[in-house]
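J.: Please see the structure below; I have some questions.
Number of protein chains: 2
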Amino acid sequence: MDIATLRDKHPEHWAKATAIRALAMDAVQAANSGHPGMPMGMADVATVLFSKHLKFDAAAPDWADRDRFILSAGHGSMLLYALLYLTGYKDMTLEEIRNFRQWGARTAGHPEYGHAKGIETTTGPLGQGIANSVGFAIAEESLRARFGKKVVDHHTWVIAGDGCLMEGISHEAIGLAGMQRLSKLIVLWDNNDISIDGKISMSDITDQRERFRAAGWTVLHCDGHDPEDIDRAMTEAKSADGPVMIDCKTHIGFGSPKKQDTAGAHGSPLGADEIKAVKEIYGWPHGAFDIPADILDAWRKTGARGAAERKEWEDRLNGLSATKKAEFERQMGLEAPKKLAATIRALKKQNSELAPKVATRKASEMVLEVVNPAMPETIGGSADLTGSNNTKTGDLGIFNPENRKGRYVHYGIREHGMAAAMNGMVLHGGVRPYGGTFMCFTDYARGAMRLSALMGVPTVYVMTHDSIGLGEDGPTHQPVEHLAICRATPNTWTFRPADLIETAEAWELALTSDKTPSVLTLSRQNLPTVRTKHTAKNLTAQGAYILRESEARRRAILMATGSEVEIALAAREILEGKGIGTRVVSVPCMELFAAQDEAYRKKVLPAGPVRVAVEAAVRQPWDRFLMGERGSEKKAGFVGMEGFGASAPAETLYKEFGITAEAVADKVQALL
Amino acid sequence: MDIATLRDKHPEHWAKATAIRALAMDAVQAANSGHPGMPMGMADVATVLFSKHLKFDAAAPDWADRDRFILSAGHGSMLLYALLYLTGYKDMTLEEIRNFRQWGARTAGHPEYGHAKGIETTTGPLGQGIANSVGFAIAEESLRARFGKKVVDHHTWVIAGDGCLMEGISHEAIGLAGMQRLSKLIVLWDNNDISIDGKISMSDITDQRERFRAAGWTVLHCDGHDPEDIDRAMTEAKSADGPVMIDCKTHIGFGSPKKQDTAGAHGSPLGADEIKAVKEIYGWPHGAFDIPADILDAWRKTGARGAAERKEWEDRLNGLSATKKAEFERQMGLEAPKKLAATIRALKKQNSELAPKVATRKASEMVLEVVNPAMPETIGGSADLTGSNNTKTGDLGIFNPENRKGRYVHYGIREHGMAAAMNGMVLHGGVRPYGGTFMCFTDYARGAMRLSALMGVPTVYVMTHDSIGLGEDGPTHQPVEHLAICRATPNTWTFRPADLIETAEAWELALTSDKTPSVLTLSRQNLPTVRTKHTAKNLTAQGAYILRESEARRRAILMATGSEVEIALAAREILEGKGIGTRVVSVPCMELFAAQDEAYRKKVLPAGPVRVAVEAAVRQPWDRFLMGERGSEKKAGFVGMEGFGASAPAETLYKEFGITAEAVADKVQALL
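Residue numbers (full-length UniProt numbering), protein chains in the order written: chain A, 1 to 672; chain B, 1 to 672.
Written as structure tokens, this is what we have:
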């Protein structure tokens, strides 16, 4: 539909949509950077969505049963900010819009979760939003099955661009959603034929409609500038069985005489002259950031549209039994149940005595066997490595279209899609996801793992086969740099527990975290229990602690993690046998140790003794604790990996790469 | 087709295919680990491919015009090893097969490039092979366009499993291949309905045929156990316009009474009893690793099938002019042209004098403007950020179906697919690819970047927007941990040049590397030329060097990279102004510095002075040079990032995060 017809036939819609376009142009121009073309192109679709379909109440942005709106094409952030301001979200003021992309503003270049209510997830890295949305929709289905349709019954709406759909993660996301028949998931494809380099056909000829159909989606189509047609498609979408993609044909930079339908509209300000020309074409005589009162008023009414429905929902929520309501609120708030601590403690106590020799991946399963019954909100899963990751416990049914009460997701061979879906689940609230793959394939999930950290959401990654200790699968499957990668990433707890006891403690921390994701790196091979003396206290919470004190006068400190703690203990035996007093420090989580106060760190790592760290991985993260923290280069040594691994049985590899108790003891003696 | 019919109707084929199956079962059993099911399922397809279609000569595995065979489903490595042994590749002996998955054997758990001829690429991380193959096919098209069909005219054949096709990277790969209409690319889909967790339908309902068609592929189908049907489909595939996917319906663990068509056949030995039962069903009375002479002989004839064709090709190659032949061989060998050094030197000399103030991404473009004309084998590209990555120079046309002589690929929004395709191009030989995206999106390409390093192929990554210096796009686009990630990865040169001069030197190293990939991390913002005194020598090759010596008595050493070198130089001015003699060391490549001899390292970083490093990224990789290399904790400081960035103009961010000359000077003074 062209502008003249649109103005003529749908004056109120036109005014509302133009308000979005004007704000987007003005804000990008003021910031002298940003992306005006997408908000200009999708303003009509968004106006219809917010005015007629999206269930929300701007006055109650935390309403648990609101529809979720995900702007996967995050560069179009001004579309979202404009909608939040216009509909009356309190923390999105006009001042914030004016400060688009400036220090301290809520209006970052790309939408940042936590900056303002109504920003449901952080987007910008393309494809993340659409993949998050699958998790949102899974969370909704799961909660609905557990708490009933009266309190949980909402949609997840996504705006995705060509970039989102070209990214590999979109394939994983739509495959998972199609198989799961997520009927409450609706993707609005901003089909504008333009990417940064130019026409889409320069790099892609994919028939997106056929592609989505092939993945089990219903595909609809609309003229993205015709409000009636958009409304029709959205109405139809809500009654479909399974996920729906609406192909919204739009014009990027709609109305811009020089830039519409070109890459020039994508990522830079239109320029004052062009804005003037566009506003003339729009019939929008108002100044920059100036929204006439009647139009703002119309939008504010839209923002309050869901108020009655929200109140009815609150009545229904209050109609639940007190226990059920409290449980709903606990789960939505991601608050761990009180009994979790006791459950973990009991498991630790029992196993400190039994001292089983199990792989930490198996230990993790043993923890989950007691945790999952205590936490009905957990949703486990694996990227097609269930039997290897040990992520499935007895009481979890399979989550699928036939069983929404199931709590185990077969994510398929989709590491990135799994990670992003888990982020979506946490963001939705009400479920606590954890998912597994091999540690090495954090490589495939990095994009989403970084966003867990950046958003501050406590997604739990169960990464087994965490070193050359996995053996014969060889170097493609053996992480050596991945511990360094996770540790280099801000706001990420990288746990590498040494035995079942530390594994239980790591799980407790992961499941009670509210702002930090956890990576549990777990062994394939069996490991002895090294903490045989029970402590109620969670020692892993300190990040590092004295596992064995020296007997002879202390001349060496060995630091180790995971499967190498056993090696450090054996090295200690050798050294003590030679009269060299040796302390062993277990370091299950460097980040938590670094966060301890100076006094504690000094107690664990006093100045003086030789320090040797043992870890079947690269040295990079260890220098800080070997030479820093009162250490010194001349007294520091490392036993680990310098390059990639190899294919052979694990014991052979440890020997060939020189990661042995003897090598550790030799290193200490050489340094003394 | 069932076993009885197959044996009956196609006895020679049956014998040959069964030899593969037997070797796979025996080797996995002997190793007590591995994946027998896939080789058993795909043996018929592979036998037809090698016997009738694949252009190869086992006696000349480096034949430049051979067809490439890519085992994307790398866990089925025994299929490849069996084929190489049976057809007579010299370095794949029966002894190697017997030592499957053992230390020092060529027969790693997953195929490792470089372990044996005939292994065209390293696979195992799923989807990489199919994505590499797009690069192989692009390289073939490019070389054919440049050297003619007489010397370059071959296919790339790929075996891909359900896992490959579920991974996101496969979407990027097939999208790129479809758009590029790569007619010489044929993918054989091992359609066996099984993944590790069980039936594919547990996690995926995608109609793969429709999906490939939607991406512009021709889709064929065959019974994967009927040699005539396989042959027909392969014949048809070779005459298609555009890439072809053949849906080969197969049975995993074909013939195993207990494990056929189950996940149990996938990743563990069948067990002695089951192998006995299978061999009875096969009518294969031979012992473990025992291939009857007549069957081996039949296979060896297959291995020599291409000998005559290869000799004819050699005649054609020798028929080229001496210059053209030498050029072909130089490019196939990835040997840089002799004039490259002089070209770089001239650029350095000129610009040392001109001392332009340009972003290093722009500097990179200036280098490419002189390098690309000198190196006709370069193929540039970008994941839809051409204008930002500055990867396209004037003389490169666009590589597309209409212009195979073009040397610039619009990869689309496909970072992972681009990286894997570039690996494929290098592996193919004859082209030198480089490709760009934002540094932060190394996250999306990590899987393939790791494989560049593991395989030892000199792929070049042009990663611009390398810090908070990119400004307003905000923390989703601002790398802080990515330098640490690249530096933690073995066999990776992470360059962060400070100006045009270092950028030119980094490019020279990247383009002459034969075994190490390079990551060029480049600024968005303008940077002054800091090396204004020309040296013919490539100082970046030393990794770090003294950029400015102290004037007053040396009490401090500042280390910095990239955009922070300017800050270090300004800090030096402040400090010298206070009488504190300060040396500035530029560190464009830590890996190369670490590889220098002790004497040089000691010269650059002598014991004694305070050391402060400045880099707008996390500290992790710096500890080694701050506290190690004769440093000490008490005299070490770091000015950089501790967490994620923010959205604001670059200057504001540097100020707010305290990365300023004043902060550096203060840090030095506090440490003195």
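For glycine and all other residues, C-beta sits at the position ideal for the given N, C-alpha and C.
1) Please state the DSSP three-state secondary structure of B:Y545.
2) The beta strand (DSSP E) with A:W157 in it runs from where to where?
3) If you drop the 5 nearest sequence neighbours on each side, which residues of the same chain put their C-beta closer than 7 Å to that of B:V604?
4) Return the first residue and the last residue of the alpha helix (DSSP H) that B:P11 is part of.
5) Quick check on A:H465 - is its C-beta less than 8 Å from some C-beta in chain B?
6) Can you tell which of B:F50, B:V480, B:S72 and B:A105 has its C-alpha closest to the C-alpha of B:G88?
7) Below 8 Å on the Cβ atoms is my contact criterion, and I expect A:R310 with A:D57 to pass it. Report the Cβ-Cβ distance as a whole number of Å.
8) Quick one: measure Cβ to Cβ for B:I275 and B:D261, integer angstroms, because I've assumed they're closer than 8 Å.
9) Indicate whether A:G76 and A:H35 have their beta-carbon atoms separated by less than 8 Å.
10) Just checking: is the beta-carbon of residue 673 of chain B within a distance shorter than 8 Å of some beta-carbon in chain A?
11) Can you give the Cα-Cα distance for B:G255 and B:S268, rounded to whole angstroms?
12) Using a C-beta to C-beta distance shorter than 9 Å, which residues of chain A count as neighbours of B:S133?
13) Can a CB atom of chain A be found closer than 8 Å to the CB of B:A215?
14) Entirely within the region 209-247 of chain B and at least 3 residues each: give me those beta strand (DSSP E) ranges in chain order.
15) Could you check what DSSP says for B:S203 in three-state terms: helix, strand or coil?
16) For a test of the three-state rule: what should DSSP assign to B:P373, helix, strand or coil?
17) Alpha carbon to alpha carbon, what distance is there between A:F638 and B:A116?
18) Just the chain B side, please: which residues come within less than 9 Å of A:T343 by C-beta, in chain order?
19) Quick one: list the residues of chain A neighbouring B:H410, beta-carbon separation under 7 Å, in chain order.
20) Within a Cβ cutoff of 8 Å, which residues of the same chain sit near A:L340, ignoring the five residues on either side of it in sequence?
21) Straight-line CA distance for B:T302 to B:H155?
22) Name, please, each residue of chain B whose Cβ falls closer than 7 Å to the Cβ of A:V480.
23) Suppose you measure from the CA of B:P125 to the CA of A:Q180; what does that come to, to the nearest Å?
24) Against chain B, does A:I413 count as a neighbour if the rule is that its beta carbon must be under 8 Å from one of theirs?
25) DSSP state of B:T582, grouped into three classes?
26) At a CB-CB cut-off below 7 Å, which residues of chain A make contact with B:T121?
27) For B:F69, list the residues DSSP reports as bridge partners.
28) Could you round the C-beta distance between B:R531 and B:E502 to whole angstroms and report it? I think they count as a contact, below 8 Å.
29) Is there contact here, the region 387-404 of chain A with the region 420-429 of chain A, by at least three beta-carbon pairs under 8 Å?
30) Just to confirm before moving on: does the CB-CB distance between B:S133 and B:I379 stay below 8 Å?
31) Using three-state DSSP, classify B:I130 as helix, strand or coil.
32) Of the residues A:G287, A:L79, A:E377 and A:T121, which one's Cα is nearest the Cα of A:R144?
33) Contact between the region 437-456 of chain A and the region 442-454 of chain B is defined here as three or more beta-carbon pairs at a separation below 8 Å; is this criterion met?
34) Taking B:K348 as the reference, give the member of B:E566, B:I97 and B:A536 with the closest Cα.
35) Is there a C-beta anywhere in chain A that falls below 8 Å from the one on B:Q620?
36) Cα separation between B:L427 and B:M332?
T.: Checking against the coordinates, here is how it stands:
1) The residue labelled residue 545 of chain B in the question sits at position 545 within the second sequence. Here B:Y545 sits in strand by DSSP.
2) Numbered from its first residue, the first sequence carries residue 157 of chain A at position 157. Where A:W157 is concerned, the enclosing beta strand (DSSP E) stretches over T156 to G161.
3) Locating residue 604 of chain B in the second sequence gives position 604, counting from the first residue. Same-chain partners within the cutoff: A544, Y545, I546 and V585.
4) Along the second sequence, one-based indexing puts residue 11 of chain B at 11. Taken as a continuous stretch (DSSP letters only), the alpha helix (DSSP H) holding B:P11 covers P11 to A31.
5) The count along the first sequence starts at 1 and reaches residue 465 of chain A at position 465. Chain B contact via Cβ: absent.
6) Within the second sequence, the letter at position 88 stands for residue 88 of chain B. When each option's Cα is compared against that of B:G88, the closest is B:F50.
7) By 1-based counting over the first sequence, the position of residue 310 of chain A is 310. By 1-based counting over the first sequence, the position of residue 57 of chain A is 57. Indeed they touch by this definition, with Cβ atoms about 4 Å apart.
8) Position 275 of the second sequence holds residue 275 of chain B. Position 261 of the second sequence holds residue 261 of chain B. No, B:I275 and B:D261 are not in contact; Cβ-Cβ is about 17 Å, not under 8 Å.
9) Working through the first sequence from its first residue, we reach residue 76 of chain A at position 76. Working through the first sequence from its first residue, we reach residue 35 of chain A at position 35. Cβ distance < 8 Å, so A:G76 and A:H35 count as in contact.
10) Nothing can be reported for residue 673 of chain B: it is not among the residues displayed for chain B, which extend from 1 to 672.
11) Numbered from its first residue, the second sequence carries residue 255 of chain B at position 255. Numbered from its first residue, the second sequence carries residue 268 of chain B at position 268. So the alpha carbons of these two residues sit roughly 16 Å apart.
12) To locate residue 133 of chain B, count along the second sequence from 1; it is residue 133. Within 9 Å Cβ-Cβ: nothing; B:S133 doesn't reach chain A, min ~16 Å.
13) The residue labelled residue 215 of chain B in the question sits at position 215 within the second sequence. By this cut-off, B:A215 is an interface position.
14) 218-223
15) For the purposes of this step, residue 203 of chain B is identified with residue 203 of the second sequence, where counting begins at 1. The answer is coil: DSSP assigns B:S203 none of H, G, I, E or B.
16) Position 373 of the second sequence, counted from the start, is the residue given in the question as residue 373 of chain B. Helix.
17) Taking the second sequence and counting its residues from 1, one reaches residue 116 of chain B at position 116. Taking the first sequence and counting its residues from 1, one reaches residue 638 of chain A at position 638. So the two alpha carbons sit approximately 33 Å from each other.
18) On the first sequence, position 343 is the one that residue 343 of chain A refers to. Within chain B, no residue comes near A:T343; the closest Cβ sits about 28 Å away, beyond 9 Å.
19) On the second sequence, position 410 is the one that residue 410 of chain B refers to. Within 7 Å Cβ-Cβ: D197, M202 and S203.
20) Looking up residue 340 of chain A in the first sequence gives position 340. Answer for A:L340: V371, A374, M375, E508, L511 and T512, listed in chain order.
21) As a first step, residue 302 of chain B is located in the second sequence; it is residue number 302 there, counting from the start. As a first step, residue 155 of chain B is located in the second sequence; it is residue number 155 there, counting from the start. Their backbone Cα atoms lie some 18 Å apart in a straight line.
22) The sequence position of residue 480 of chain A within the first sequence is 480, counting from 1. Near A:V480 (Cβ distances below 7 Å), the residues of chain B are P490.
23) Position 125 of the second sequence holds residue 125 of chain B. Position 180 of the first sequence holds residue 180 of chain A. Distance between the alpha carbons of B:P125 and A:Q180 is about 25 Å.
24) Taking the first residue of the first sequence as 1, we reach residue 413 of chain A at position 413. Taking Cβ atoms only, chain B reaches closer than 8 Å to A:I413, which makes this a yes.
25) Within the second sequence, residue 582 of chain B is the residue found at index 582, counting from 1. The answer is strand: DSSP assigns B:T582 an E or B state.
26) Against the second sequence, residue 121 of chain B aligns to sequence position 121. Correct list: empty, because the minimum Cβ distance to chain A is about 11 Å.
27) Here residue 69 of chain B corresponds to residue number 69 of the second sequence, with the count starting at 1. According to DSSP, which records beta bridges pairwise, B:F69 is partnered with B:W157.
28) The sequence position of residue 531 of chain B within the second sequence is 531, counting from 1. The sequence position of residue 502 of chain B within the second sequence is 502, counting from 1. Their Cβ separation, rounded to whole angstroms, is 7 Å, which keeps B:R531 and B:E502 in contact under 8 Å.
29) no
30) Residue 133 of chain B sits at position 133 when you count from the first residue of the second sequence. Residue 379 of chain B sits at position 379 when you count from the first residue of the second sequence. No, the pair does not count as a contact, with Cβ atoms beyond the cut-off.
31) The sequence position of residue 130 of chain B within the second sequence is 130, counting from 1. Helix at B:I130.
32) Numbered from 1 along the first sequence, position 144 holds the residue referred to as residue 144 of chain A. The shortest C-alpha separation from A:R144 is found at A:E377.
33) yes
34) Reading the second sequence from its first residue, position 348 is the one you call residue 348 of chain B. Looking at the Cα atoms, B:A536 is the closest of the given residues.
35) Within the second sequence, residue 620 of chain B is the residue found at index 620, counting from 1. Interface residue, yes.
36) Residue mapping note: residue 427 of chain B aligns to position 427 of the second sequence, counting from 1. Residue mapping note: residue 332 of chain B aligns to position 332 of the second sequence, counting from 1. Roughly 10 Å separates the two Cα atoms.
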